[in-house]
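One line per chain: the protein sequences are A and B, in this order. Note that my numbering numbers the first sequence so that position 47 is 50, with each residue one more than the last. Note that my numbering numbers the second sequence so that position 59 is 62, with each residue one more than the last. Idealized CB from N, CA, C, for every residue including glycine. Bear in mind that the values here come from a model prediction, so they are computed numbers and not experimental data. Notes follow the structure.
Protein chains: 2
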Amino acid sequence: MNQQQRHLIEAKTVVLKALAHPTRLYIIEELAQGEKCVCEFVDAVKADFSTISKHLLVLKNAGLVEDDKRGQQVFYRLRMRCLPSFINCIGVAVAADARMKAMQINPDLFEAKKAAEANE
Amino acid sequence: MNQQQRHLIEAKTVVLKALAHPTRLYIIEELAQGEKCVCEFVDAVKADFSTISKHLLVLKNAGLVEDDKRGQQVFYRLRMRCLPSFINCIGVAVAADARMKAMQINPDLFEAKKAAEANE
DNA sequence: TGGTTATTTGGCAATATAGCCAAATATGTT
DNA sequence: AACATATTTGGCTATATTGCCAAATAACCA
Chain A
4 MNQQQRHLIE AKTVVLKALA HPTRLYIIEE LAQGEKCVCE FVDAVKADFS
54 TISKHLLVLK NAGLVEDDKR GQQVFYRLRM RCLPSFINCI GVAVAADARM
104 KAMQINPDLF EAKKAAEANE
Chain B
4 MNQQQRHLIE AKTVVLKALA HPTRLYIIEE LAQGEKCVCE FVDAVKADFS
54 TISKHLLVLK NAGLVEDDKR GQQVFYRLRM RCLPSFINCI GVAVAADARM
104 KAMQINPDLF EAKKAAEANE
């Protein structure tokens with residue numbers, strides 16, 4: 004691994020680190036549906052204003068969002084369009100794993116369901 | 004945000020956290036080209052065996068890779084197929100941002116390139 | 001059996017990250 | 001100007017993540 008490769012990897016890691024926090028991931032998912040102002044996240048997440056503001060700064064520094072001040076409010080929107088589909092793919096994979104795990108713990112539940120489906 | 008939403012977001016965060024480290028991202032990118040054994044990463048990254056092993060454990064616990072012991076070696080391979088294309092998309096975005104930034108710092112370099120292209 | 005190689009695990013110190021409070025800034029209102 | 005609202009910044013403590021070392025396992029070889 005050379006210097007340049009390492010540099011590129013680290014740059015990508017900044018983006019991934021930015022995504023790797025529940026509050027920030029939530030913010031990104033919300034922004035996938037359109038721009039929002041800071042106060043909307045404060046209400047939804049029920050965290051301190053300063054906490055949300057810092058999370059947004061992390062996202063901005065990583066290049067994931069851009070902001071836009073209008074009046075006294077600051078609006079944020081997504082800047083990297085490939086994010087939503089990827090996050091969705093992770094969600095699908097995670098859900099599949101969870102199903103698998105549940106089946107191992109309590110197979111009967113799934114047998115019952117299978118039988119019910121067969122009767123339809 | 005309700006309990007179930009929060010739970011799903013946290014599950015996705017586990018995956019993203021797993022990706023958000025230079026060594027682990029490197030490992031994932033290598034595995035995109037096929038399975039590899041632990042020792043190959045140790046050589047390439049030049050870190051302690053135990054360090055690599057722990058990174059691999061993080062990836063495994065997050066469901067990103069699976070392993071397979073053959074003889075005295077353990078081989079790892081990718082389990083989540085949507086990763087490579089997403090990582091690629093991040094790479095493209097990151098590179099574009101870097102170009103943009105370089106251009107702001109030293110526009111002349113890019114003027115010269117532009118002129119050279121025009122002469123072709 | 002004893003030794004060698006490949007890998008994992010436990011433990012610990014250094015570093016990074018998160019979240020809260022208080023204070024600063026910026027915009028709009030009276 | 002004085003005040004209210006929206007947001008950011010600075011600072012601090014609590015918590016989580018890294019990476020190394022040493023020791024434990026596990027498979028293979030002599």
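- Against chain A, a Cβ distance below 8 Å from I93(B) picks out K15, V18, L19, M83, C85.
- For M106(B), no CB of chain A lies under 9 Å from its own CB, so it is not counted at the interface with that chain.
- Burial of A23(A) is indicated by the presence of at least 16 other C-beta atoms within 10 angstroms of its C-beta.
- The alpha carbon of Q36(A) has as its nearest neighbour, out of N5(A), Y79(A), V97(A), the alpha carbon of Y79(A).
- The beta carbon of I55(B) does not come within 9 Å of any beta carbon belonging to chain A, so the residue lies off that interface.
- Cα atoms of Q8(B) and Y29(A): separation of roughly 9 Å, rounded to the nearest angstrom.
- Using a Cβ-Cβ cut-off of 9 Å, E32(A) counts as an interface residue toward chain B, since at least one Cβ of chain B sits closer than that to its own.
- About 4 Å separates the Cβ atoms of V97(A) and A14(B), confirming a contact at the 8 Å cut-off.
- Residues of the stretch 61-74 of chain A with a Cβ closer than 7 Å to any Cβ of chain B, in chain order: G66.
- For the pair G94(B) and R102(B), the Cα-to-Cα distance works out to about 12 Å.
- Residue-level contact check: P25(B) touches chain A, since one or more beta carbons of chain A fall below 9 Å from its beta carbon.
- By the Cβ neighbour-count rule, P25(B) is buried, with 16 or more other Cβ atoms within 10 Å of its own.
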